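If you're matching positions, the sequence shown starts at 258 in our numbering and goes up one per residue.
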Amino acid sequence: MSEKLEILRVSDVDKSFGDKEVLKGINIVLNKGELVSLVGVSGSGKTTLFNIIAGLLKPDRGKVFLKGEDITGRSGKVSYMLQKDLLLPYMTIIDNVSLPLILRGNKKKVAREKVSGLFKDFGLEGTQEKFPSQLSGGMAQRAALLRTYVFSNEVALLDEPFSALDAITKASIHKWYKKIIGEMKISTIFITHDIEEAVKISDRIYILGKNPGTIIDEIEIKEDFKENFFEDKKFIEYKKHIIEKLDKII
């Protein structure tokens with residue numbers, strides 16, 4: 258990326274639940290149009306950190322800034338997509354996608370008009386009047402990502418959104434999402450347990466230790482890995498480095 262424009266900053270965040278210290282001294286930066294992954298073993302506090310960034314939890318110490326504005330403890334400022342697509346089965350796809358706007362007070366017709374132009378960009382043209390059960394897994398995830406974008410087109414928090422997809426569909430949606438990020442400058446923080454996935458799609462990776470969760474390393478991915486990424490020497494080096502870091506904390 259040529260010129261980096263900071264959009265989100267997590268500054269010196271600590272969080273405990275009772276006597277259990279979950280996060281300590283977390284510092285993360287997300288730049289405009291970047292995809293940054295969080296990789297860590299179970300219990301390293303990744304989801305807790307997402308809840309803090311989304312304003313659903315308040316940290317014990319530290320702040321979260323969006324374009325320089327303190328948004329600590331304030332929900333509705335960034336979008337948050339969980340592992341499951343959570344599309345409402347009784348609503349059409351366009352009504353599912355329109356939901357964030359309707360909840361903000363837009364009339365249904367107006368909300369539909371506002372989102373209809375985005376369907377082509379997200380590869381969903383022709384699905385507007387279909388129901389979630391009529392879509393493939395990959396298309397349902399695209400619809401869920403579009404709804405996430407409609408909620409907030411500035412920062413998206415994605416918590417293992419592709420983990421339920423088969424390998425072929427996952428590879429296709431990785432390629433598509435990287436293209437969408439480039440075209441629409443969606444700034445994304447991505448939780449994954451899949452090290453290959455993190456290396457393949459990320460601009461940078463933060464590795465979290467645990468007990469408490471701390472940032473133990475930050476890796477910048479300078480390469481753009483193509484189809485045979487798993488054979489690429491540099492790809493293997495990144496993967497080995499991350500595994501070695503995680504092995505030390507298991």
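Glycine included, each C-beta is placed from N, C-alpha and C at the ideal position.
All values reported here derive from a predicted model rather than from experimental measurement.
Report yes if the CB atom of residue i is closer than 8 Å to the CB atom of residue j, and no otherwise.
i, j, result
"Ser390", "Pro346", "yes"
"Ser301", "Gly466", "yes"
"Tyr406", "Val456", "no"
"Tyr463", "Leu414", "no"
"Ile359", "Lys387", "no"
"Tyr318", "Asp269", "At residue 318 the sequence reads Arg, which differs from the Tyr that was named. Yes, the pair counts as a contact, with Cβ atoms nearer than the cut-off."
"Ala400", "Asn353", "yes"
"Val321", "Val279", "no"
"Lys435", "Ile452", "no"
"Leu403", "Leu375", "yes"
Tell me which residue opens and which closes the alpha helix (DSSP H) that residue i is part of.
i, result
"Phe379", "Element bounds for Phe379: n/a, residue is neither H nor E."
"Glu370", "Lys365 to Ser373"
"Asp504", "Lys490 to Asp504"
"Asp352", "Ile350 to Leu360"
"Ile437", "Ala424 to Met441"
Spatial neighbours of residue i within its chain, please: CB distance less than 8 Å, with the 5 preceding and 5 following residues excluded, ordered by chain position.
i, result
"Leu323", "Ile264, Leu265, Lys334, Val335, Glu411 and Val412"
"Thr471", "Leu280, Lys281, Gly282, Ile283 and Leu465"
Short of 7 Å in beta carbon distance, which residues of its chain neighbour residue i, apart from the five on each side in sequence? Order them along the chain.
i, result
"Leu287", "Ile264, Leu265, Val293, Val412, Ser444 and Ile446"
"Thr426", "Gly394 and Gly395"
"Thr449", "Ser294, Val296, Glu417 and Ala455"
"Ile493", "none"
Please return the same chain residues whose Cβ sits closer than 6 Å to the Cβ of residue i, not counting the five positions on each side in sequence.
i, result
"Leu356", "none"
"Met258", "With a pLDDT of only 44 at Met258, under the threshold of 50, the placement of this residue in the model should not be trusted; the figure read from the coordinates follows. Contacts found: none."
"Glu480", "Lys491"
Could you pull the DSSP bridge partners for residue i from this structure?
i, result
"Phe322", "Arg266 and Asp327"
"Thr305", "DSSP, once it has assigned bridges, lists no residue as partnering Thr305."
"Thr445", "Leu292 and Ala413"
"Met217", "Missing from the structure shown is residue 217; the chain here goes from 258 to 507 and no further."
"Ser536", "The displayed coordinates of the chain run from 258 to 507. Any statement about residue 536 would go beyond what the structure contains."
In terms of residues, what are the limits of the beta strand (DSSP E) holding residue i?
i, result
"Tyr463", "Arg461 to Leu465"
"Ala413", "Val412 to Asp416"
"Glu453", "Per DSSP, Glu453 belongs to no beta strand (DSSP E); it is in the alpha helix (DSSP H), Ile452 to Ile458."
"Leu280", "Lys277 to Asn288"
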